[in-house]
Structure formats: structure tokens, C-alpha cells
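Numbered by mature numbering (1 follows the signal peptide of the UniProt record, and there is no 0), the letters in the sequence shown go through residues -20 to -1, 1 to 157 in order.
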Amino acid sequence: MKNIILIIALSIISATTCKAQIAYTSDLVKVNLPNGTFKLNKQQVDAISNVKSVNKIVKVYPHNLYKKDNILLGFNNVNQDSINNNLPGVKKFIDQLYLSSESKPNRTYESMIKNTYNNNHALIVRYDIKNTGHIRFYCQNASKTLILSGKIEYSKLDSAKANSLLEEVLKNIRFTK
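So, in C-alpha cells, the structure goes:
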């Protein structure tokens, strides 16, 4: 009888303390997100007041928006279009857009392509607009047939946390094809 009570007590404790890992998944990719990350619904997004451009990120990522601490993370669907899976070409295009932008004095900007985890490659674009930092990422599988892109948006005060989140996301991207 004592064993049954002990088993029931341990089951209750483990059920209340264990949290499921949040993951972004599709037919082509799975991304295990860091602990403390949760998916936002529209009401939660509407309640966020400290990120002024939150409506823009919601329009781009309406079904795939997550939050960790005060940092927003959104994912696009996986791109299978071979024309757009050319990371150097995408980088060149984005760099040219920035160079032609009229609001350059209010921004910082950098972009780079780097080898990441699991033989993936990533184009990472960082820029600030006023007090908000933005990181766009385009992660390509080893065979260069798929790209998962997304955006991280944060207060510039949370820059170190945002960079850490980016590394965790890139480390945990697993393409299934």
C-alpha cells in the first residue's frame, strides 16, 4: 500500500513540475525552442505594449509567433523554391535594399553568412531601428534545397539575450528532408 501511495505521489509531482518542450514544426523542419519560450495567441500579442512594431511582426508571422522573456520570435514557412534558396544572392539583395534605404542614419546594419549546426548555413541580418533590435535569419539545409527564415525582435537592452536565443534556435533546427 505504501508503494502505491509513493508511486501516485511521485506521479503527481512529476506531472506538475515537468513542462513540455515547445517546438516549431512543419512537414520539412522541426525546431526545439529553449525552455521558457511560449507560443503567443493574438490576444497576447495585442497586449504587448513595449514593442512598437509588434503589429508588423504579427502580420508577417501570424501563426508562428513565440516569446521568450521580452523577446519576440517568428518563423516563416519553409521555402522550397530553388531560386530563393541562394543565400549569397539573398544577402546581396538585402544589402542593396539597405543601401538604398532613406532611413540609414537611424539604423545600424550588418549581414553575414556562416556555417551553423547540423551542416546548415545561415544568413544573419542584424539591424536596429531606434530602440528596437531586429535579427532576421535564413537557415539553409546542407543540400541547399530548403530555407527556414524568421525574425527576432527585442529591446536593444536585451541584445545579449536575443543573440543567445538566435544561437539556440540555429542549433536546434532539424530539417527532415
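Beta carbons are placed, not taken as given, at the ideal position from N, Cα and C, and that holds for glycine. Computed from a predicted model, the values in this text were never measured in an experiment.
Under a three-way DSSP split, which group does residue i fall into?
i	result
residue 149	helix
residue 6	coil
residue 51	strand
residue 24	helix
residue 141	helix
residue 94	strand
residue -7	Any reading at residue -7 is ruled out, since the residue's pLDDT is 39, under 50, leaving its predicted position unreliable.
Are the CB atoms of residue j and residue i within a distance shorter than 9 Å?
i	j	result
residue 58	residue 126	yes
residue 136	residue 117	no
residue 151	residue 89	no
residue 156	residue 9	yes
residue 75	residue 113	no
If you follow the alpha helix (DSSP H) that residue i is part of, which residue opens it and which one closes it?
i	result
residue 70	67 to 79
What do you get for residue i, buried or exposed, if any count of 16 or more other CB atoms within 10 angstroms of its CB means buried?
i	result
residue 92	exposed
residue 18	exposed
residue 129	buried
residue 16	exposed
residue 79	exposed
residue 147	exposed
residue 73	exposed
residue 35	Here residue 35 scores only 48 on pLDDT, less than 50, and its place in the model should not be relied on; the value that follows carries that caveat. The residue in question, residue 35, is exposed, as its Cβ has fewer than 16 Cβ neighbours within 10 Å.
What whole-angstrom Cβ distance do residue i and residue j have, given they're in contact under 8 Å?
i	j	result
residue 47	residue 14	Not confirmed; about 11 Å, so no contact.
residue 95	residue 121	Contact flag wrong, Cβ pair sits at about 13 Å.
residue 65	residue 55	Their Cβ separation, rounded to whole angstroms, is 17 Å, which puts residue 65 and residue 55 out of contact at 8 Å.
Between which two residues does the beta strand (DSSP E) carrying residue i extend?
i	result
residue 105	101 to 109
residue 126	Taken as a continuous stretch (DSSP letters only), residue 126 belongs to no beta strand (DSSP E), as it is neither H nor E.
residue 19	17 to 19
residue 120	112 to 120
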